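In terms of the numbering used here, the sequence shown is residues 66 to 220. Note that CB positions come from ideal geometry on N, CA and C, so glycine has one too. Here the structure is a predicted model, which is why all the values come from computation and not from measurement.
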Amino acid sequence: MAKREIVRFGEEVLRQKCAEVTEFNEELWELLDDMYETMCAANGVGLAAPQVGELLRVVVIDVDDKNGRIELINPVIAGMRGKQTDSEGCLSHPGKYGYVERPAKVKVKARDRYGKPVSYIGTGLLARAFCHEVDHLNGILFADKVIEWIEEEQK
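Dropping the structure here:
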């Protein structure tokens, strides 16, 4: 595993739509492991492949719950219910936080690192992370959805 450089807000790669993963091999596994190490080193709860410069539909999430490390390949939001508004930040936009409205409950379908179908249902922070990271795969940033920015002294 190796820690990778996180792409910062303003870089074009963050605005591009990612390609579907078609090969589930050691190269993909290395990317997943590197992304997880990078996310943990940055004290994040989620990281999408474009945030490390890879235009692939790959996400890692760990919100420190019973699910532990979640790896999503080619994720699709399969259902959502309710609403929640809370503060959000992004590893690609360090130091910036804002209130974003997201679904309260989200079902996501994807593939695991071996190509096997997986699905998760998340509420609260996990639901937010699913939406935030899938947005990254479509070139959408949390800053696009901020209702109100949080001033530094309010955090």
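Original post:
Based on the DSSP secondary-structure assignment, which residues constitute the bridge partners of A84?
Top reply: L121
Original post:
What do you get for M104, buried or exposed, if any count of 16 or more other CB atoms within 10 angstroms of its CB means buried?
Top reply: buried
Original post:
With C-beta atoms as the reference, is P140 less than 8 Å away from R167?
Top reply: It is not a contact, given that the beta carbons lie outside the stated cut-off.
Subject >> the region 167-176 contacting the region 184-195, beta-carbon criterion three pairs below 8 Å >> reply: These segments touch.
**OP:** Can you tell me which of L206, D130 and I126 puts its alpha carbon nearest to the alpha carbon of D99?
**Re:** I126
Original post:
Along the chain, where does the beta strand (DSSP E) that runs through M227 open and close?
Top reply: Nothing about residue 227 can be reported from this structure: the residues present for the chain run from 66 to 220 only.
**OP:** Pick helix, strand or coil for V199, following the three-state DSSP scheme.
**Re:** Helix.
Subject >> Between the CA atoms of E76 and K131 - distance to the nearest angstrom >> reply: Spanning the two alpha carbons is a distance of roughly 34 Å.
**OP:** Determine the contact status of R176 and I205, defining contact as a CB-CB distance below 8 Å.
**Re:** no
**OP:** Put P168 into one of helix, strand or coil per three-state DSSP.
**Re:** coil
**OP:** Report yes if the CB atom of A114 is closer than 8 Å to the CB atom of C83, and no otherwise.
**Re:** Cβ distance < 8 Å, so A114 and C83 count as in contact.
**OP:** Whole angstroms is fine: what's the gap from E198's alpha carbon to V124's?
**Re:** 7 Å
Subject >> Simplified DSSP assignment, three categories, for E235 >> reply: In this structure the chain extends from 66 to 220, so residue 235 is not present and cannot be described.
Original post:
Start and end of the beta strand (DSSP E) containing L112?
Top reply: G111 to A113
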